[in-house]
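All remarks here apply to the structure that follows.
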Amino acid sequence: MSMDLLAHLQELDNLITREKPKGGALIPVLHQAQELYGYLPKELQDYIADGLGIPQSNVYGVVTFYAFFTTKPRGRHRVGLCLGTACYVRGNTKNLERLSRELGVNAGESTPDLRYSLEVCRCIGLCSKAPAIMIDKSVHSKVQPDQVAEILSRYE
Amino acid sequence: MTLKELERIRAKAQKELAVRGVEISPDSELKPPRPGEVRVVLRNCGQIDPERIEDYIAKDGYFALYKVLNMTPEQVIEEAKRSGLRGRGGAGFPPGQKWFFARQAVASRPAPADGTPPAYLICNGDEGDPGAFMDRAVLEGDPNSVLEGMAIAAYAMGATQGYIYVRAEYPVAVEHLQTAIPQARRLGLLGKNIFGKGFDFDVDIRIGAGAFVCGEETALIDSIEGRRGEPRPRPPFPAVSGLWGKPTSVNNVETLANIPQIFLNGADWFAGMGTEKSKGTKTFAIAGKVKNAGLIEVPMGITMREIIYDIGEGILNKKKFKAAQTGGPLGGCLPAKYLDTPIDFESLAAAGSLMGSGGLIVLDENDCMVDVARFFMDFTQDESCGKCPPCCLGTKRLLEILTRMTQAEGTAEDLQTIEYLTENISTTSLCALGQGSVNPVVTTMRHFRDEYESHVYKKFCPSGVCKGMFHYEILADVCNGCGVCRKKCPDKVIKGDKKVVHEIDLPNCIVCGDCYKACKFDAIAIRPGPTPKSRLPERR
Ligand SMILES: Cc1cc2nc3c(=O)[nH]c(=O)nc-3n(C[C@H](O)[C@H](O)[C@H](O)COP(=O)(O)O)c2cc1C
Ligand code: FES
Numbered sequence: 001m002s003m004d005l006l007a008h009l010q011e012l013d014n015l016i017t018r019e020k021p022k023g024g025a026l027i028p029v030l031h032q033a034q035e036l037y038g039y040l041p042k043e044l045q046d047y048i049a050d051g052l053g054i055p056q057s058n059v060y061g062v063v064t065f066y067a068f069f070t071t072k073p074r075g076r077h078r079v080g081l082c083l084g085t086a087c088y089v090r091g092n093t094k095n096l097e098r099l100s101r102e103l104g105v106n107a108g109e110s111t112p113d114l115r116y117s118l119e120v121c122r123c124i125g126l127c128s129k130a131p132a133i134m135i136d137k138s139v140h141s142k143v144q145p146d147q148v149a150e151i152l153s154r155y156e
Numbered sequence: 157m158t159l160k161e162l163e164r165i166r167a168k169a170q171k172e173l174a175v176r177g178v179e180i181s182p183d184s185e186l187k188p189p190r191p192g193e194v195r196v197v198l199r200n201c202g203q204i205d206p207e208r209i210e211d212y213i214a215k216d217g218y219f220a221l222y223k224v225l226n227m228t229p230e231q232v233i234e235e236a237k238r239s240g241l242r243g244r245g246g247a248g249f250p251p252g253q254k255w256f257f258a259r260q261a262v263a264s265r266p267a268p269a270d271g272t273p274p275a276y277l278i279c280n281g282d283e284g285d286p287g288a289f290m291d292r293a294v295l296e297g298d299p300n301s302v303l304e305g306m307a308i309a310a311y312a313m314g315a316t317q318g319y320i321y322v323r324a325e326y327p328v329a330v331e332h333l334q335t336a337i338p339q340a341r342r343l344g345l346l347g348k349n350i351f352g353k354g355f356d357f358d359v360d361i362r363i364g365a366g367a368f369v370c371g372e373e374t375a376l377i378d379s380i381e382g383r384r385g386e387p388r389p390r391p392p393f394p395a396v397s398g399l400w401g402k403p404t405s406v407n408n409v410e411t412l413a414n415i416p417q418i419f420l421n422g423a424d425w426f427a428g429m430g431t432e433k434s435k436g437t438k439t440f441a442i443a444g445k446v447k448n449a450g451l452i453e454v455p456m457g458i459t460m461r462e463i464i465y466d467i468g469e470g471i472l473n474k475k476k477f478k479a480a481q482t483g484g485p486l487g488g489c490l491p492a493k494y495l496d497t498p499i500d501f502e503s504l505a506a507a508g509s510l511m512g513s514g515g516l517i518v519l520d521e522n523d524c525m526v527d528v529a530r531f532f533m534d535f536t537q538d539e540s541c542g543k544c545p546p547c548c549l550g551t552k553r554l555l556e557i558l559t560r561m562t563q564a565e566g567t568a569e570d571l572q573t574i575e576y577l578t579e580n581i582s583t584t585s586l587c588a589l590g591q592g593s594v595n596p597v598v599t600t601m602r603h604f605r606d607e608y609e610s611h612v613y614k615k616f617c618p619s620g621v622c623k624g625m626f627h628y629e630i631l632a633d634v635c636n637g638c639g640v641c642r643k644k645c646p647d648k649v650i651k652g653d654k655k656v657v658h659e660i661d662l663p664n665c666i667v668c669g670d671c672y673k674a675c676k677f678d679a680i681a682i683r684p685g686p687t688p689k690s691r692l693p694e695r696r
């Protein structure tokens, strides 16, 4: 088994029992399972399918449809670069190029040491301070390419 | 809860609020109202603590619900219709009408024998338009106004269970709702037998998972049911058969936040604002190349010029206005000739754009309209759910063509193909995502055709955006040799002595644009033709 399903099994079971009787339980369960495990690998999806009594294909279909769910482990720090309209016209693609170069990964990938993952998101609601980057839960606004390396270094 | 108790809470909370003031950090996008603004939906944002229901009651919260529960549902629907309020989620359909259809559908079926709700009310807080965040501001700053609006709507249509669908990217909004809902239940403003009038209503939160199409009402219903969010063909409309096959009304956050005010102040008060067919106010998120960006609320019928030049204080860096993009990825780009058109649902639609949720991005002379069209197509192509071929395949082909054009590989035939494809996609797609996806392309083709032709025939991007399709030149008769560009140049390819005309060593210039941005004297011009080192931009 490539992942440790047992790590949070008790919580996972409770969660499934709690959500199952409500209608439309799958997405809330996936949200909370991803919070527990960090990502949603195949084993976990299958376990959830069994628990909820629905086909594995349904679970897989939902996981791959929604951008928020990931089947691969993410880095400790999630670097979300905004490519919403305001950030795009205010030049955030330059910051993306710089981030990509600094981290050595493309958008949607994680660094091999799992320190960072680089993601592109669409509007984090800071349009008047574009271009913006969100790292974990903190936001950096009016970012210039030259500041990128320094900002990254703040996240161990 | 009785009216007396509610009045007592209000009196106490008003005193408290006056002494305490509000210590919460205000939304950074929401400044105090500027001249020309009228705040209805945003009136409490930043004025009250969103995590205290008493603060909301201090501002007459839940008094509208009391008033409504003393009316018949038919009267409520009538009053909502009379106010002239139209849905703020995009389509502009009157909510009173929606509740009327749902109510009819409830009446036409037998009451559910299994104890399940006869109908559902859904609040759409998915807000996927990149560049719009007014719903977030309301959910974060005044969640109770949305809950009260939902309760009123539910009473009118005959629903007993509500869902509020919030996107996962808005954790603070979710948090504030998770506080507000139990508080309302505790005071008996949600739950069983509200105000002792025999009306039951409760609300659950559903969190989105990052799919733009789930803002579309039938896809949203699928998503709540726990499936992939794929729009359904209509009819049946959700009002007849929606969530779990029951009559369902889907209303936007801003729409619902208007409702309590309409019942507090009367339909006539609301209908007194706005234009003939679009009443009330609208929130806009202004951003882009504008000086004073942020969230505003203005009466319908205001002109774009008033928004951009008066409230927004004009264009950044003394640049020229080129276009305003409204309606998000399904909206369009409007050129300067529309600056003085009063904004309402009809006028924006007539101009080929949309009211949408209210994003308004200002573009200046350095924004390339072909690239903007490509940007939006990249977004919709990415978000197309894949159910119907015109949208799924058509947007892909359009994106390929637009990408080609911005890489100096567009052909005359491409221009024709665009026209053919946009026509087909807009008329044959299943839902409004596909139908609207072509709007950014159609409007830029209509209003900025010269830019498309320049890209295709001259391989020249006149705005200086598409890499490899232009270079910079220092104008000898304007340059005064100040040296700023020389110092800014990262590759040190600008040469010249102080007070002497400078020159760019073109074969080594990477066309990064730093000198162009730095020059205070407009002495650097955009010229056709690439330099050997101007590389193609990175694409997602
Ligand atoms: C692709 C797509 C995305 C949409 N996104 C949203 C959204 O984020 N929020 C919203 O309220 N309506 C959205 N809508 C409109 C909804 O389908 C629906 O018309 C609206 O929620 C109805 O509420 P209203 O009558 O109050 O406007 C979207 C429509 C489409 C086609
Ligand atoms: S577009 Fe980036 S914050 Fe809105």
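If you're matching them up, the sequences are chains A and B in order. Start counting the first sequence at 1; every next residue gets the next number (the numbering used here). Start counting the second sequence at 157; every next residue gets the next number (the numbering used here). A virtual CB, placed ideally from N, CA and C, is assigned to each residue, including glycine.
Below the 8 angstroms Cβ cutoff, chain A contributes no neighbours of B:Lys552, its closest Cβ being approximately 17 angstroms away. For the 8 angstroms CB-CB criterion, B:Cys547 and B:Leu586 form a contact.
Taking non-hydrogen atoms of ligand 1 into account, the C-beta of B:Asn408 is found less than 7 angstroms away from one of them. When 7 angstroms is used as the limit between beta carbons, B:Gln481 is near these residues of chain A: Thr85, in chain order.
Distance from the CA atom of A:Leu152 to the CA atom of A:Gly84, rounded to whole angstroms, is 21 angstroms.
Rounded to whole angstroms, the separation of the alpha carbons of B:Thr482 and B:Pro266 is 44 angstroms. In terms of Cβ geometry, B:Val294 and B:Glu410 form a close pair [threshold 8 angstroms]. Inter-segment contact for the stretch 438–447 of chain B and the stretch 305–324 of chain B is absent: fewer than three beta-carbon pairs are separated by less than 8 angstroms. For secondary structure counted as the beta strand (DSSP E) over 3 or more consecutive residues, the stretch 59–110 of chain A holds these complete runs in sequence order: 77–82. Residue contact check for B:Lys447 against chain A: no CB pair falls below 8 angstroms. The stretch 193–211 of chain B makes no contact with the stretch 388–408 of chain B: fewer than 3 CB pairs, one atom from each, lie closer than 8 angstroms. Listed as beta-bridge partners of B:Arg683 by DSSP are B:His627.
With respect to the C-alpha of B:Phe532, the residue from B:Ile204, B:Asp356, B:Asn421, B:Val597 having the closest C-alpha is B:Val597. For B:Ile380, the nearest beta carbon of chain A is closer than 8 angstroms to its own beta carbon. Nearest to B:Gln253 by C-alpha distance, out of B:Val328, B:Ala269, B:Gln231, is B:Gln231. Taken in chain order, the members of the stretch 60–80 of chain A whose beta-carbon sits within less than 8 angstroms of a beta-carbon on chain B are Gly61, Val62, Phe65, Tyr66, Ala67, Phe68, Phe69. Collapsing the DSSP output to three states places B:Thr228 in coil.
Taking 9 angstroms as the upper bound on Cβ-Cβ separation, chain A lies near residues Gly284, Asp285, Pro286, Gly287, Ala288, Phe289, Arg292, Ala293 of the stretch 284–318 of chain B. Shown here, B:Glu304 sits in a helix according to DSSP, grouped into three states.
Contacts between B:Arg383 and chain A, judged by CB atoms closer than 9 angstroms, involve Gly24, Leu26, Ile27, Asn58, Gly61, Val62, Phe65 in chain order.
Under the Cβ criterion of 8 angstroms, B:Gly202 is not counted among the residues facing chain A. If you draw a straight line from the Cα of B:Asp527 to the Cα of B:Leu516, it comes to about 18 angstroms. Nearest to B:Glu565 by C-alpha distance, out of B:Cys622, B:Pro618, B:Ile581, is B:Cys622. Between ligand 1 and B:Glu234, a heavy atom-to-CB distance of less than 7 angstroms is absent.
The CB of B:Glu185 comes closer than 9 angstroms to the CB of Gly125, Leu126, Cys127, Ser128, Lys129 in chain A, given here in chain order.
The nearest non-hydrogen atom of ligand 2 is less than 7 angstroms from the C-beta of A:Ala132. Residue contact with chain B for A:Arg122: present (Cβ-Cβ distance below 8 angstroms to some residue of chain B). Using beta-carbon distances, A:Tyr155 does not count as an interface residue toward chain B, since no partner is under 8 angstroms.
Within the same chain, Cβ atoms closer than 6 angstroms to the Cβ of B:Ile233 are found at Gly252, Trp255, Phe256, Ala312, the five residues on either side in sequence being excluded. In this structure, A:Thr70 lies near A:Leu40, with their beta-carbon atoms less than 8 angstroms apart. Taking CB atoms only, A:His140 has no neighbour in chain B less than 8 angstroms away.
With fewer than 16 neighbouring CB atoms inside 10 Å of its own CB, B:Gly177 falls in the exposed class. The beta carbon of B:Ile213 sits closer than 7 angstroms to those of Leu162, Ile165, Arg166, Ala169, all from its chain and outside the five residues before and after it, given in chain order. Contact note: B:Ile517 reaches chain A through Thr85, Ala86, Val89, using a C-beta cutoff of 7 angstroms and chain order. Of the heavy atoms belonging to ligand 1, at least one sits nearer than 7 angstroms to the Cβ of B:Glu373.
For B:His332, the enclosing alpha helix (DSSP H) begins and ends at 327–342.
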